[in-house]
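For the record, in the sequence shown the residue sitting at position 141 is 141 according to the working numbering, with numbers rising by one throughout.
Beta carbons: idealized from backbone N, C-alpha and C, even for Gly.
Report on one structure; see the data block that follows.
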Amino acid sequence: MALQDPQSEKLRTVSGGQQKNPTVFVLPANRRGPVPEGLGVEYERGGHAINLELEKLGFTVEFIDVNQKPWNPLAGQPSMLKAIDPLRALKVLLCRPRPDIVLSYFESGALCLALLRSIGLFRTPIVIVDIGVGGGSRLRDLILRLVIPRVSAIFTLGSDQVTHIRTRYKTRASVEFIPAHVDAEFYAPQSPGQQGNYILAVGDDISRDYDTLLEAVAGLDVPVVLKTRRVVENKQRHPNLSVITKRLSDREFRDLYDRARLVVMPLHPVLTAGGVTAFLEAMATGKPQIVSDSAGLRDYVRDGENALVVPCHDAGGLRQAILRLLGDDALRQRLGESSRACAQSLFSSRQFANHLAECFRRLMKR
């Protein structure tokens with residue numbers, strides 16, 4: 001399939017005079033692995049919506065997974081470290097023919113290739129999506145200082161990050177805000193009209209503020225479910241709390257949202273768009289949400305329209321918002337319906353893929 005815009009076509013000629021679509025190598029921060037048996041198309045649609053949309057736009061997309069031990073010495077470490085994966089970078093470097101674009105989710109996956117690019121050993125444009133600026137980690141800041149000046153384009157998931165990057169780091173890269181996306185067709189309500197029976201919070205990254213949430217829900221006569229590895233279940237201290245630590249498939253995640261009465265996103269005040277994936281998935285599933293007023297999510301949250309917003313670290317305010325939603329069926333329904341409509345109209349995978357495709361075409365013209 002050729003690119004739809006003939007002015008932006010850059011199709012590689014191969015033996016026999018055939019033409020090939022531009023190739024994008026995608027470097028995820030975490031290992032995707034094979035599609036589990038029995039999940040099939042539903043799993044692929046939930047986890048690979050962007051590459052499917054890019055393929056519709058005329059690109060060939062290949063995932064280059066994070067290696068496991070012993071090939072990746074940092075496997076088993078947090079994604080900031082394991083995604084560096086020098087062997088994966090070597091695989092991309094030695095691949096023939098070379099890809100037209102390398103797309104790295106987070107900065108660490110681009111580190112080795114960016115350093116090779118700086119000494120002329122790798123010339124393919126590198127694009128980063130969802131860069132982790134503003135987190136306060138010295139190691140992350142070092143990685144950012146090595147990567148940002150050496151890549152071609154950076155897409156942030158929060159508008160405040162654009163100014164931060166341009167001010168703090170020297171770079172010629174194009175730095176743009178691109179709203180995060182959700183596959184709203186996959187993350188659709190599975191049981192319309194069903195109220196759900198628990199409060200849900202999900203997420204493992206450092207933006208989550210589970211201490212405030214646990215204080216807010218203490219003593220409530222309603223089950224609370226956390227999907228995280230950051231909290232240890234303790235029935236003596238929190239008898240209404242259940243913690244899920246195992247990895248869930250996309251379909252299992254969707255069902256977890258679907259059975260919830262409401263979703264809470266407790267956040268520390270950070271510049272990164274921490275929690276945005278879970279927030280959009282819950283929106284698409286039509287769930288009412290309560291969200292901490294973290295700067296990184298302000299591009300997505302409209303207080304009273306698609307969520308209730310409370311101050312960060314305010315356990316009392318969070319508890320009041322939870323009680324308000326639990327006691328108001330009409331408000332829960334209104335927020336859920338508005339959230340679903342918002343996810344479909346503003347944060348679709350197709351819109352996200354269109355932004356990426358426009359960037360890829362610009363870079364391939366250089």
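- Between residue 201 and residue 291, the C-beta spacing is not below 7 angstroms.
- If the five residues before and after residue 69 are omitted, its C-beta is found closer than 6 angstroms to the C-beta atoms of 75, all from its own chain and listed in chain order.
- Out of 314, 316, 282, 317, the CA that lies nearest to the CA of residue 300 is found in 282.
- The Cβ atoms of residue 111 and residue 84 sit closer than 7 angstroms to each other.
- A Cβ-Cβ separation of about 18 angstroms leaves residue 155 out of contact with residue 99 under the 8 angstroms criterion.
- Between residue 146 and residue 180, the C-beta spacing is not below 7 angstroms.
- Counting only unbroken stretches of 3 or more residues, the beta strand (DSSP E) elements lying wholly within the segment 149-213 are 153-156, 174-177, 199-202, in sequence order.
- Distances from the CA of residue 285 to each of 313, 250, 87, 266 were compared; the closest alpha carbon is that of 250.
- If you ignore the 5 residues before and after residue 227, its C-beta comes within less than 6 angstroms of the C-beta of 202, 244, all in its own chain and listed in chain order.
- Your pair residue 178 and residue 352 checks out as a contact, with CB atoms roughly 7 angstroms apart and the cut at 8 angstroms.
- For secondary structure counted as the beta strand (DSSP E) over 3 or more consecutive residues, the segment 206-259 holds these complete runs in sequence order: 224-227, 241-244.
- A Cβ-Cβ distance of about 7 angstroms is found for the pair residue 310 and residue 293, placing them in contact under the 8 angstroms criterion.
- Between residue 274 and residue 289, the alpha-carbon positions lie close to 15 angstroms from each other.
- In the DSSP assignment, residue 279 falls within the alpha helix (DSSP H) that extends over 276-284.
- In the three-state scheme derived from DSSP, where H, G and I count as helix and E and B as strand, residue 92 is classed as helix.
- Pairing residue 343 with residue 184 gives a Cβ-Cβ distance under 7 angstroms.
- Residue 55 carries a helical assignment under DSSP once its states are collapsed to helix, strand and coil.
- By the beta-carbon neighbour count (other beta carbons within 10 angstroms, threshold 16), residue 97 is exposed.
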